[in-house]
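Colleague: Sequential numbering of the sequence shown, starting at 130, is according to this note's numbering.
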Amino acid sequence: MRIRFFQRWLKKNQAEGSDEVDTPQAGEFCNVETLLRPFLTVLVLVVLLVVSCLVVVLSAFEYRTLFNHHQELIQQRDELQVEWGQLLLEQSAWSANNRVEQQAARKLGMKVPEVNQIEIIRNER
């Protein structure tokens, strides 16, 4: 709107051949559209700024929440890894040769054969 006004004003002054600069009338600038447009522009920019700030705050909150959850999962992984190591040690203790031999002798009455009791059988096919 202002551009059209100034274009008409310049054409008018150029047509008259005057080099003086006339001040525009105050009533010409005071219409509602001329006053409302900058206000709406500033209002839209402020709303966009507030929305942008809220998105930044929300993303920071989400990052912190996810980071805390990640730390909990890392701690849980470490605890499970320690438990896995303990279970491997327990398994190796239960399957040790001397323990198996002791259980066989005690529960089943088995014993290690003497050298003269051992026979080697060959598969002759």
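We put the beta carbon where it would ideally sit given N, CA and C, even for glycine.
Could you name the residues of the same chain whose beta carbon sits closer than 8 Å to that of residue 233, not counting the 5 residues immediately before and after it, in chain order?
Modeller: 239
Colleague: Where does residue 111 fall in DSSP's three states?
Modeller: Any question about residue 111 goes unanswered here, given that the chain covers just 130 to 254.
Colleague: Helix, strand or coil, according to DSSP, for residue 241 in the structure here?
Modeller: coil
Colleague: Look at the alpha carbon of residue 250 and the alpha carbon of residue 216, and state the distance between them as a whole number of angstroms.
Modeller: Whole-angstrom Cα-Cα distance: 39 Å.
Colleague: From which residue to which residue does the alpha helix (DSSP H) around residue 224 run?
Modeller: That residue, residue 224, is in no alpha helix (DSSP H); it is neither H nor E in DSSP.
Colleague: Once the 5 residues before and after residue 241 are set aside, which same chain residues still bring their CB inside 8 Å of it?
Modeller: Within the same chain, Cβ atoms closer than 8 Å to the Cβ of residue 241 are found at 230, the five residues on either side in sequence being excluded.
Colleague: Out of curiosity, what's the CA-to-CA distance linking residue 180 and residue 170?
Modeller: 15 Å
Colleague: Of the choices 163, 142, 143, 144, whose alpha-carbon is the least far from that of residue 132?
Modeller: 163
Colleague: Between the alpha carbons of residue 207 and residue 175, how many angstroms are there, rounded?
Modeller: 48 Å
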